[in-house]
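Notes follow the structure.
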Amino acid sequence: MTRRRFLLLLFLASPLGNTGEIEVDTRVRRGAVCEEEGTGACALTVSVHIATRRGGQEESRRCASGTVHFSRAQPAMEGGSRRLHSVALALLCCCCCSTQVSRASKQYVNEWAAEIPEGPEAARAIAQDLGYDLLGQIGSLENHYLFRHNSHPRRSKRSAIHVTKRLSDDERVSWAEQQYEKQRSKRGVIRDSAEDLFNDPMWNQQWYLQDTRTTPTLPKLDLHVIPVWKKGITGKGVIITVLDDGLEWNHTDIYANYDPEASYDFNDNDRDPFPRYDATNENKHGTRCAGEIAMQADNKKCGVGVAYNARVGGIRMLDGIVTDAIEASSIGFNPEHVHIYSASWGPNDDGKTVEGPGRLAQKAFEYGIQKGRNGKGSIFVWASGNGGRQGDNCDCDGYTDSIYTISISSASQQGLSPWYAEKCSSTLATAYSSGDYTDQRITSADLHNECTETHTGTSASAPLAAGIFALALEANPDLTWRDLQHLVVWTSEYDPLANNPGWKKNGAGLMVNSRFGFGLLNAKALVDLADPKTWKGVPEKKECIVKDSNFQPRSLRSEGELSIEIPTKACEGQANHITSLEHVQFEATIEYSRRGDLHLTLTSPSGTNTVLLAERERDTSSSGFRNWDFMSVHTWGENPAGSWILKISDLSGRMQNEGRIVNWKLILHGTSTQPEHMKLPRVYTTYNAVQNDRRGVEKMTDLMEDHAVEDTMTGKPKPTESPPSIIKKKETEQSDAVQNLLQSAFRKNVPQNIVNKKLSNVNLQPPYGHYTQPLENLSKKSQQKDSVDSQYNDYVDLFYNARPYKHMDERLMKALLDILKEGN
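Residue numbers (our numbering): 5 to 828.
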């Protein structure tokens, strides 16, 4: 390498100011491109480095390069020097034109990085010798150190070339560079518009993950996931396996997130969970569930998974004979590696089956809770069941009824309980899914590398929940299985589902419903509360067993009611004393001639009434229940001390029915001290609250909105608000729920020319006679089977069959009326 230096004094008007002294350093590498000897051709590469001096500051940089061609007979540095200088000058002109732009694009700081092979002692000596502050080693890079020079400005548009040169000229330094600010933008997390968030073709059809409202007065139909993604939380590092009929792991939208260590085929006993293809695509279920969780984002295929950077595996165990051993192997597969197990299956949802985990499967649950995730407990997410049309309820499903599983129900796009959903006291929360034929369904991956927008049922809700829980575990990997259940209870939303019947406030101030548990999952609220900086883990779990050693079997008969009072001090004075409840189990052996006619309720000392078992018309079995655990979460947070009341009844009218309760015990699960997050009352947010009237909500004055608009429209005085448990409404008097439903039905028929006018100028008097007859049928006590005195009680489906009404039309009309009202 040879160098030739020459000095140019340029008077340029723009790039360098009035005067700029530029030293040009030409660096020529001889023989870079030469042909074989004797051909007489050679090319030399020229690079131009400029150093500018102005106001005592010096800056040096490599600016441009070029190639000069010579004949071998004419040495480059002799006769070719003129050509060399011409090329350098041309390159220099290009440099000068870009100088102003280049200098404006960087902001230099007063820090220097240097590589010092001799280690930290040499770095400290250099800092002392040259007047630097040694800031320390750079990350995990050995022999790389960061220095600060306090005599230099903290930020400057010009580099301090003289300072860099002094440092790099030290023989102990092998490399040095002044640091400058780098402009970085976040890639692929969140853009401003949800509609333009991802390029996946079905993203805009995933209504349950984004706000698709056309007006802000409508309820916000989503699971509040996007704000979590905006934080950069997308499921990274979390591993989920789907227990199902296989997983098409090579699917374009799944493959990048596939985890073979979370996968196995227990039907064929090999490590490949690929589903068996057939003409009917019967084994699509597992692939669809996995896609909901971990479909890739921004890959122009299908949609976007809730935890689109999580790892997903598949357990093939449903495409063949299912045994207790296969279930146990699946539930307990690789618990040190897998964090979350998602299961959208269970016993037949036929309205007549009573079945739970076998001995092996139960032990697998217990092992996962005790040993999984390094002792923090595996997370088991279970779909609550699709037997609604068969009159089934998930109290007879031992998988959803387990204290170890998080049972997830469904809500439709209209915010209603869908026709297939089951009711039970063990459901913890709800996610969206399909509804009636007019509602959108769930988008996911499908077999044969296809996509679907028709995934349905609670099968689709459970994976959405599993994805949300993956976001929580990424935010706080130290959450235990009980921490997560508490987070679900404390952050799920009542408001989006408030139009449904059966809501009640328990003794701890929590809203709960047998159709929805504690409400709709709210991903942002859950992740925010799980923040490891603020979340205090829940206290140690205690178990208190209450039983009557002197109890003798008691008879049961049709049209009768057996009441058992269970007083308890909740193991006060013992190590397992409980003051704050989590799960409650009533374990009993009951013999009865027609099991489906039995109805069990449990009332807590705080007065919370829970249906442990509802009638099932299709269940004609005489097998009864043998040591069956009826589990409830409805008294979560209450103090269990006091008298519990169990009631068993049969209102079927089948006089031949008879039986007895043989034995029972009440098992209380909870903590001796109140969890930290429960020391203040639960505050219900309204991020996606239903804006229209709340039909079917049991009357609670502290939770009901003031229906001033309805009162104005009807000209009727506002009904006196009295708790239904104190004052019994007359059969001829319409409840608030019926009144609101009547108003909604009337609004559907308001002519457009009237709607367009101001409310104050319109006398909206509904023609009561036109609607009263079909609605009045809802009030007949004879149509209610539950003993709770409520217009729409927890287990009556007549509310959803009421006509005339169409929830979507009603909601849109109410939104329009709200807009008109705001304009007054």
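Idealized CB from N, CA, C, for every residue including glycine.
Contact set for D443: own chain, Cβ-Cβ below 7 Å, skip 5 residues either direction: S416, Q417 and Q418
If distances are taken between C-alpha atoms only, which option among K509, T404, I594 and R519 comes closest to Y436? R519
C-alpha gap between T3 and W494, whole angstroms: Nothing can be reported for residue 3: it is not among the residues displayed for the chain, which extend from 5 to 828.
Hey, could you find the ends of the alpha helix (DSSP H) V531 is sitting in? A527 to L533
Same chain, Cβ closer than 7 Å to W534, five either side skipped, listed in chain order: The sequence shown places Ala at residue 534, rather than the Trp named in the question. Correct list, in chain order: A476, A479, N480, L483 and L491.
Thinking C-beta only, is F278 closer than 8 Å to E252? yes
Whose CA, out of N554, L566, Q300 and D249, lies closest to the CA of F202? Q300
Where does the unbroken alpha helix (DSSP H) through H148 begin, and where does it stop? Note, H148: premise wrong, no alpha helix (DSSP H); beta strand (DSSP E) at H148 to R152.
Could you name the residues that DSSP lists as bridge partners for H603? S653
Check for me: the beta strand (DSSP E) holding L560 runs from which residue to which? R558 to R561
Bridge-paired residues (DSSP) for I319: L247 and Y268
Counted within 10 angstroms of its Cβ, other Cβ atoms place E642 as buried (16 or more) or exposed: buried
Out of curiosity, what's the CA-to-CA distance linking H156 and L138? 15 Å
Contiguous alpha helix (DSSP H) assignments of at least 4 residues, all confined to the region 114-148: 124-134
The beta strand (DSSP E) enclosing I446, as first and last residue numbers: I446 to D450
In the structure shown, what three-state DSSP assignment does C575 receive? coil
Taking 7 Å as the limit between beta carbons, can you name the residues of its chain near H341, skipping five residues before and five after? I243, E265 and A266
L566 - partner residues in DSSP beta bridges: I652
Assuming T245 and G317 make a contact with CB atoms under 8 Å, what is their CB distance in whole Å? 4 Å
For Y259, I'd like the list of residues in its chain whose CB is within less than 7 Å of its CB, leaving aside the five on either flank, ordered along the chain. W253
Sort S448, I549 and N285 by Cα distance to D257 and report the nearest one. S448
By a C-beta neighbour count over all protein chains shown, 10 Å radius and 16 as the cutoff for buried, is I407 buried or exposed? buried
Quick check on the burial criterion: 16 or more other C-beta atoms within 10 angstroms. Buried or exposed for V385? buried
Sequence-distant residues of the same chain with beta carbon closer than 6 Å to R620, five excluded per side: G355, G395 and G600
Pull up the DSSP beta-bridge partners for I549, would you. I671
Helix, strand or coil for I412, going by three-state DSSP, please let me know. strand
Boundaries (first-last residue) of the beta strand (DSSP E) holding Q183: W179 to Y184
Mind checking who D401 pairs with in its DSSP beta bridge? E359
What are the start and end residues of the beta strand (DSSP E) that includes I594? S584 to Y596
Taking W539 as part of the beta strand (DSSP E), name the residues at either end of that continuous run. Premise fails: W539 is in no beta strand (DSSP E) and is neither H nor E.
What's the C-alpha gap between Y136 and D276? 59 Å
Among A529, C428 and T462, which has the Cα closest to the Cα of N517? C428
So what does V310 bridge to, in DSSP terms? In the DSSP output, where bridge partners are listed per residue, V310 has none listed.
Between the Cα of C400 and those of E122, S160, G523 and E591, spot the shortest distance and give me the residue it belongs to. E591
Have a look at the DSSP bridge pairing and note the partners of F629. I594
Cβ distance (whole Å) where A835 is taken to contact T462 below 8 Å: Given a span of 5 to 828 for the chain in the structure shown, any question on residue 835 remains unanswerable.
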